[in-house]
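A short worksheet on the structure shown next.
2 protein chains.
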Amino acid sequence: MSDSDTSNSMPERKRGSGVKVVYDLLRDEILDLVLPPGSPIDEVQLAERFKMSRTPIREALVRLAGEGLIDTLPNRSTMVANINFLNLHTFFDALVLMYRVTTRLAAQHHRPEDLEVIRARQAEFAAAVRAQDALAMIATNAAFHSAIAEAGRNPYFTGLFNRLLDEGRRILRLYYQSYDDRLPQRFVDEHEEMIAVIAARDAEAADRLARAHAEQIVAQIQKLFARTGRLDLAL
Amino acid sequence: MSDSDTSNSMPERKRGSGVKVVYDLLRDEILDLVLPPGSPIDEVQLAERFKMSRTPIREALVRLAGEGLIDTLPNRSTMVANINFLNLHTFFDALVLMYRVTTRLAAQHHRPEDLEVIRARQAEFAAAVRAQDALAMIATNAAFHSAIAEAGRNPYFTGLFNRLLDEGRRILRLYYQSYDDRLPQRFVDEHEEMIAVIAARDAEAADRLARAHAEQIVAQIQKLFARTGRLDLAL
DNA sequence: TGTATTTTATTTGTCGACAAAAATCGCCTT
DNA sequence: AAGGCGATTTTTGTCGACAAATAAAATACA
Numbered sequence: 001m002s003d004s005d006t007s008n009s010m011p012e013r014k015r016g017s018g019v020k021v022v023y024d025l026l027r028d029e030i031l032d033l034v035l036p037p038g039s040p041i042d043e044v045q046l047a048e049r050f051k052m053s054r055t056p057i058r059e060a061l062v063r064l065a066g067e068g069l070i071d072t073l074p075n076r077s078t079m080v081a082n083i084n085f086l087n088l089h090t091f092f093d094a095l096v097l098m099y100r101v102t103t104r105l106a107a108q109h110h111r112p113e114d115l116e117v118i119r120a121r122q123a124e125f126a127a128a129v130r131a132q133d134a135l136a137m138i139a140t141n142a143a144f145h146s147a148i149a150e151a152g153r154n155p156y157f158t159g160l161f162n163r164l165l166d167e168g169r170r171i172l173r174l175y176y177q178s179y180d181d182r183l184p185q186r187f188v189d190e191h192e193e194m195i196a197v198i199a200a201r202d203a204e205a206a207d208r209l210a211r212a213h214a215e216q217i218v219a220q221i222q223k224l225f226a227r228t229g230r231l232d233l234a235l
Numbered sequence: 001m002s003d004s005d006t007s008n009s010m011p012e013r014k015r016g017s018g019v020k021v022v023y024d025l026l027r028d029e030i031l032d033l034v035l036p037p038g039s040p041i042d043e044v045q046l047a048e049r050f051k052m053s054r055t056p057i058r059e060a061l062v063r064l065a066g067e068g069l070i071d072t073l074p075n076r077s078t079m080v081a082n083i084n085f086l087n088l089h090t091f092f093d094a095l096v097l098m099y100r101v102t103t104r105l106a107a108q109h110h111r112p113e114d115l116e117v118i119r120a121r122q123a124e125f126a127a128a129v130r131a132q133d134a135l136a137m138i139a140t141n142a143a144f145h146s147a148i149a150e151a152g153r154n155p156y157f158t159g160l161f162n163r164l165l166d167e168g169r170r171i172l173r174l175y176y177q178s179y180d181d182r183l184p185q186r187f188v189d190e191h192e193e194m195i196a197v198i199a200a201r202d203a204e205a206a207d208r209l210a211r212a213h214a215e216q217i218v219a220q221i222q223k224l225f226a227r228t229g230r231l232d233l234a235l
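Sequences listed follow chains X and Y, in order. The opening position of the first sequence corresponds to residue 1 in UniProt numbering, with each subsequent residue numbered one higher. The opening position of the second sequence corresponds to residue 1 in UniProt numbering, with each subsequent residue numbered one higher.
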């Protein structure tokens with residue numbers, strides 16, 4: 001017999017788990033552009049999809065709205081938040097600065113166990129590059145830098161940085177085709193250098209490397225935008 | 001007849017307004033330490049206090065939890081988030097950097113109408129100093145710097161900065177008695193200098209002034225902590 | 001008397017239903 | 001035929017109630 005039956009079927013869900021399930025899944029679908037910006041979010045549709053009441057769905061949506069991933073206009077439809085292409089420099093400014101700050105702090109405050117996590121993330125990123133899996137590259141790259149931020153041990157910075165990395169995932173996901181050139185290997189090498197200076201606790205070098213790394217990524221993204229012709233997505 | 005009676009009394013509340021009312025009020029009470037850290041939050045108590053169901057209360061609490069103002073442990077009580085005195089340097093690091101970044105960006109990107117808002121906030125702060133109203137000083141000082149951040153026009157930075165300013169309000173509120181010395185007037189003067197360099201679009205000077213201003217505030221807070229004996233509040 | 005176990009009580013998470021706002025559709029008037 | 005007006009439908013916000021999970025109290029036992 002299969003393992004799907006315990007007593008009757010499997011309608012048993014632990015008490016507080018419903019919201020987290022729908023929150024995590026919706027979040028992933030938004031960040032991976034399975035739900036592209038502007039997609040309408042229907043509460044009852046989600047309710048019957050997850051086989052639960054509207055209440056936990058609603059709570060998940062409130063959380064997502066708090067993070068700016070969905071927009072809710074009162075008494076009216078709620079939809080996936082748009083990516084703001086007009087003020088993209090705003091995003092780049094914040095991204096570059098957070099790259100620098102988090103990497104610098106990681107060099108100053110990391111503990112040995114942090115390095116293991118960072119190296120594990122880097123290995124996953126390198127594997128994604130070898131496999132030429134662009135989707136995995138995007139996700140593992142974000143995870144790598146998020147691990148560095150965690151090692152910096154400043155929750156205010158890690159909170160903001162993770163939000164920026166999420167937004168970056170959505171932007172890169174739009175143009176992930178272009179990841180199939182020789183640039184990813186360069187990113188792998190730069191990541192290795194960053195790990196080295198973090199381990200050496202060289203804050204200045206970490207700052208310099210992070211800045212160069214971030215600005216190269218920004219240049220890459222901007223080149224992609226220029227090539228693809230700015231806006232190919234509905235506002 | 002009075003204006004309080006339309007039909008029976010005044011149970012009429014507009015449809016989507018309940019959550020905002022609860023959210024705003026609870027937020028203010030938390031930031032002003034009317035609800036000190038660790039205070040239990042009772043849903044049914046709030047429900048009967050605001051004369052509404054638990055549902056909108058719950059949504060407001062989810063929003064507040066998303067901003068880190070309350071802590072919710074699953075299936076168990078929810079309470080006002082504690083101020084993390086152990087990792088206070090973490091807060092100071094973030095605060096100093098955000099002071100610098102937002103002031104620098106304001107010097108670069110502000111528009112004429114921004115300056116009017118900033119000057120208005122500065123006038124309110126100066127009035128609070130003259131009136132020796134410590135509570136008003138704390139609030140108007142935060143509003144002043146928030147206005148500068150808005151002029152910098154980077155929503156990622158303003159979001160983080162506003163959160164830091166909120167946390168700073170709670171910390172300063174703990175020790176607001178010490179505000180009754182001659183330091184506030186110095187803050188007023190420094191604010192004036194900051195406005196001047198922003199208006200002159202001198203980004204480097206803005207950065208320098210903001211850094212000095214922030215570090216002086218940090219030093220002031222740390223002195224307060226040393227004098228008061230570190231921890232006089234329940235963890 | 002102290003500790004373990006059962007019982008009660010309190011509080012949270014979830015549900016189904018109802019009511020208010022908009023949007024959509026249909027009808028009427030000009 | 002075009003546009004305005006009213007009715008219907010759809011979707012959201014709110015409510016009261018119920019059930020699970022945990023804490024507190026009461027009881028049993030050594």
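Heads up, the beta-carbon is just placed ideally off N, CA and C, and yes, glycines get one too. All values reported here derive from a predicted model rather than from experimental measurement.
Open item on the list: Using 8 Å as the threshold, is the C-beta distance between leucine 105 of chain Y and phenylalanine 144 of chain Y below it?
Closed with: In this structure, phenylalanine 144 of chain Y does not lie closer than 8 Å to leucine 105 of chain Y by Cβ.
- [ ] Find out if the Cβ-Cβ distance for the pair leucine 35 of chain Y, glutamate 43 of chain Y is shorter than 8 Å.
- [x] Result no, Cβ atoms of leucine 35 of chain Y and glutamate 43 of chain Y do not sit closer than 8 Å.
Open item on the list: Tell me which residue opens and which closes the alpha helix (DSSP H) that aspartate 24 of chain X is part of.
Closed with: Boundaries of the alpha helix (DSSP H) around aspartate 24 of chain X: 17-31.
TODO: Answer with buried or exposed for histidine 110 of chain X, where buried requires no fewer than 16 other C-beta atoms within 10 angstroms of its C-beta.
DONE: With 16 or more Cβ atoms within 10 Å of its Cβ, histidine 110 of chain X is classed as buried.
Task: Cβ neighbour criterion (16 or more within 10 Å) applied to isoleucine 217 of chain Y - done: With 16 or more other Cβ atoms within 10 Å, it is buried.
TODO: Closer than 8 Å by beta-carbon distance: list the chain X residues that pair up with alanine 94 of chain Y, in chain order.
DONE: Those within 8 Å of alanine 94 of chain Y in chain X are Asn154, Tyr156, Phe157.
TODO: May I ask you to list, following chain order, the residues of the UniProt domain "HTH gntR-type" (16-83) of chain X that have a beta carbon less than 8 Å from some beta carbon of chain Y?
DONE: Listed by position, the residues of the UniProt domain "HTH gntR-type" (16-83) of chain X near chain Y (Cβ gap below 8 Å) are Gly16, Thr55, Arg58, Glu59, Val62, Arg63, Gly66, Glu67, Pro74, Asn75.
- [ ] State yes or no: is the C-beta of isoleucine 41 of chain Y within less than 8 Å of the C-beta of isoleucine 70 of chain Y?
- [x] Taking 8 Å as the Cβ cut-off, isoleucine 41 of chain Y and isoleucine 70 of chain Y qualify as a contacting pair.
Task: Minimum Cβ-Cβ distance from threonine 103 of chain Y to chain X less than 8 Å - done: Closer than 8 Å: no.
TODO: Starting from the beta carbon of phenylalanine 91 of chain X, find every residue of chain Y whose beta carbon is closer than 8 Å, and list them in chain order.
DONE: Within 8 Å Cβ-Cβ: Tyr156.
Task: Backbone CA spacing between glycine 38 of chain X and aspartate 133 of chain Y [nearest angstrom] - done: Cα-Cα distance, rounded: 47 Å.
TODO: Mind listing the chain X neighbours of leucine 135 of chain Y? Cutoff is C-beta to C-beta under 7 Å, in chain order.
DONE: Chain X residues near leucine 135 of chain Y: none, gap ~25 Å exceeds 7 Å.
Task: Rounded separation between serine 97 of chain Y and arginine 211 of chain Y - CA only - done: The amino acid occupying residue 97 of chain Y in the given sequence is leucine; serine does not appear at that position. Each residue's alpha carbon lies about 8 Å from the other.
- [ ] Sort Y/Gly16, Y/Ile195, Y/Ala200, Y/Leu46 by Cα distance to valine 117 of chain Y and report the nearest one.
- [x] Nearest option by C-alpha distance: Y/Ile195.
Task: 8 Å contact criterion, which leucine 164 of chain X and isoleucine 138 of chain X should meet: CB distance rounded - done: The pair is not a contact, with the Cβ atoms about 14 Å apart (cut-off 8 Å).
Task: Neighbour-count burial assignment, serine 53 of chain X, 16 or more Cβ in a 10 Å radius - done: Residue environment: serine 53 of chain X is assigned as exposed (fewer than 16 neighbouring CB atoms within 10 Å of its CB, all protein chains considered).
Open item on the list: Assuming contact is defined by CB atoms lying nearer than 8 Å, are threonine 140 of chain Y and phenylalanine 161 of chain Y in contact in what I supplied?
Closed with: Cβ atoms of threonine 140 of chain Y and phenylalanine 161 of chain Y: not closer than 8 Å.
Open item on the list: Is leucine 224 of chain X close to chain Y? Criterion is C-beta to C-beta, closer than 8 Å.
Closed with: At a cut-off of 8 Å, the C-beta of leucine 224 of chain X has no neighbouring C-beta in chain Y.
- [ ] Go to valine 80 of chain X, then tell me how far its alpha helix (DSSP H) extends in each direction, as first and last residue.
- [x] First-last for valine 80 of chain X: 78-80, but that is the beta strand (DSSP E), not the alpha helix (DSSP H).
Open item on the list: Quick check on aspartate 114 of chain Y: does DSSP put it in helix, strand or coil?
Closed with: Aspartate 114 of chain Y: helix per DSSP, three-state reduction.
Open item on the list: Contact criterion: CB-CB distance below 8 Å. Does leucine 88 of chain X meet it with respect to chain Y?
Closed with: It does not: the Cβ of leucine 88 of chain X has no partner Cβ on chain Y nearer than 8 Å.
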